[in-house]
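Student:
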Amino acid sequence: MSTDALEKIKSKCSVLRKLRTTLVNKVEVKLNSGEENDESELHEDYEIILDRAKNLKLLDQDIENLISVNSMVKEVAKFPSHFPKPSVERNLRVGDVVILDGNTKSKFLWDLGRIAKVMQGRDGLVRSCVVKAKKGEFKRPVQLIYPLEPSET
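Just so you know, full-length UniProt numbering puts the end of the sequence shown at 153, numbered straight through with nothing missing.
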């Protein structure tokens with residue numbers, strides 16, 4: 001969440017705190033004045049104070065949740081990924097044996113194939129390949145192709 005949203009919540013929180021303090025002071029002045037006070041009027045003020053206190057607690061909880069979520073996201077972002085992301089710069093060549101990324105989670109069920117054709121981008125790096133597998137030929141980007149053995153370069 002952005003700092004602007006956090007600042008808005010904090011300002012609302014401070015306004016509610018000031019309003020609550022003002023209402024509490026108003027009730028105390030009425031009680032301590034020694035005059036006959038209308039109980040219904042005091043009751044209304046008390047209800048307003050309770051409502052404001054509930055809102056204030058909710059806002060305080062929201063701020064704490066936002067701060068804890070933001071700090072958790074920042075901490076998780078610092079962790080290195082467990083699995084390295086496939087590199088686009090891999091040197092895949094015709095004839096390399098590869099595994100094609102499949103729909104299932106189990107890598108044992110992914111298709112095994114051999115690279116039939118390599119397609120390069122404008123920068124000269126391999127971007128996609130045509131892989132000949134048991135089920136036919138598939139055109140796949142490099143990110144979905146995992147070499148079975150590292151090629152010797």
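Quick reminder that beta carbons are idealized off the backbone N, C-alpha and C, glycines included.
Owing to the predicted nature of the structure, the values given are computational and were not obtained by experimental measurement.
Using CA coordinates, which residue listed in E149, K105, Q143 and W110 is at the minimum distance from residue 215?
Tutor: Given a span of 1 to 153 for the chain in the structure shown, any question on residue 215 remains unanswerable.
Student: Tell me the rounded alpha-carbon separation between residue 177 and T104.
Tutor: This structure gives no information on residue 177, because the portion of the chain shown stretches from 1 to 153.
Student: Tell me the DSSP bridge mates of E137?
Tutor: Stepping through the sequence shown from its first residue, residue 137 is reached at position 137. K132.
Student: What separation, rounded to the nearest whole angstrom, lies between the Cα atoms of E149 and D96?
Tutor: Here the question's residue 149 lines up with position 149 in the sequence shown. Here the question's residue 96 lines up with position 96 in the sequence shown. If I take the Cα positions, the gap works out to 8 Å.
Student: So, with DSSP's three-state summary, where would you put L109?
Tutor: Looking up residue 109 in the sequence shown gives position 109. Three-state result, L109: helix.
Student: Any C-beta of chain B sitting closer than 7 Å to the C-beta of S128?
Tutor: Protein chain content of the structure displayed is limited to a single chain, and chain B is not contained in it.
Student: For R140, which of S106, L112 and F108 has the nearest alpha-carbon?
Tutor: Residue mapping note: residue 140 aligns to position 140 of the sequence shown, counting from 1. Selected option, being the one with the closest Cα: L112.
Student: Name the DSSP beta bridge partners of V118, please?
Tutor: Along the sequence shown, read from residue 1 onward, the residue named residue 118 stands at position 118. Note: V118 sits in a beta bridge opposite C129.
Student: Do the CB positions of V118 and V131 come within less than 7 Å of each other?
Tutor: Numbered from 1 along the sequence shown, position 118 holds the residue referred to as residue 118. Numbered from 1 along the sequence shown, position 131 holds the residue referred to as residue 131. Cβ distance not < 7 Å, so V118 and V131 don't count as in contact.
Student: Alpha carbon to alpha carbon, what distance is there between L109 and E137?
Tutor: Numbered from 1 along the sequence shown, position 137 holds the residue referred to as residue 137. Numbered from 1 along the sequence shown, position 109 holds the residue referred to as residue 109. Going from the Cα of E137 to the Cα of L109 covers about 17 Å.
Student: In whole angstroms, give me the CA-to-CA distance for V94 and K107.
Tutor: Counting from one through the sequence shown, the residue named residue 94 turns up at place 94. Counting from one through the sequence shown, the residue named residue 107 turns up at place 107. Approximately 23 Å, taken between the alpha carbons.
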